[in-house]
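A.B. asks:
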Amino acid sequence: MMDIDPVRTWTFIIVGLSFALYIGIALWAKAESTSDFYVAGSRVGALANGMATAAGWMSAASFISMAGMMSFLGRDGAMYLMGWTGGYVLLAL
Numbered sequence: 015m016m017d018i019d020p021v022r023t024w025t026f027i028i029v030g031l032s033f034a035l036y037i038g039i040a041l042w043a044k045a046e047s048t049s050d051f052y053v054a055g056s057r058v059g060a061l062a063n064g065m066a067t068a069a070g071w072m073s074a075a076s077f078i079s080m081a082g083m084m085s086f087l088g089r090d091g092a093m094y095l096m097g098w099t100g101g102y103v104l105l106a107l
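Here the sequence shown is numbered in the working numbering, starting from 15 and rising by one per residue.
The structure is reproduced here in structure tokens:
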């Protein structure tokens, strides 16, 4: 007879509920046109749009450059990774 693992059961329940939530949000906030999708129907201000662009660029640059640094320098590259992470923590404060 097969034993049911409660941790695995709860994992499936939580993941399933989160997917249902994501699908519900996607259906509720459906964009009516390409203008709504790409520029949020011109309802987002310049400051918020600039901050979102900067955050996306910093995130992509960090992940790509830190992966390359770790590949190039090995464990010595971990110092740079910790520095970037600490810098982002300070920036968030």
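Where is the CB? At the ideal position from N, CA and C, for every residue including glycine.
Just reading off the alpha helix (DSSP H) that S79 is part of, what are its end residues?
C.D. replies: A60 to L87
A.B. asks: Can you tell which of G55, M96 and V58 has the C-alpha that lies nearest to the C-alpha of S76?
C.D. replies: M96
A.B. asks: Please find out if some non-hydrogen atom of the ligand FMN comes closer than 7 angstroms to the beta-carbon of A45.
C.D. replies: In the structure on display, the ligand FMN does not appear, and there are no ligands present to speak of.
A.B. asks: To the nearest angstrom, how far is the alpha carbon of T48 from that of P20?
C.D. replies: 44 angstroms
A.B. asks: Does the Cβ-Cβ distance between M80 and Y102 come in under 8 angstroms?
C.D. replies: Contact flag unset, no.
A.B. asks: Using the C-alpha atoms, what's the distance from F86 back to A92?
C.D. replies: Going from the Cα of A92 to the Cα of F86 covers about 11 angstroms.
A.B. asks: How big is the Cα-Cα spacing for R57 and D50?
C.D. replies: 9 angstroms
A.B. asks: Where do the N-terminal and C-terminal ends of the alpha helix (DSSP H) with G100 fall, by residue?
C.D. replies: A92 to A106
A.B. asks: Roughly how many whole angstroms lie between the Cα atoms of L35 and A68?
C.D. replies: 28 angstroms
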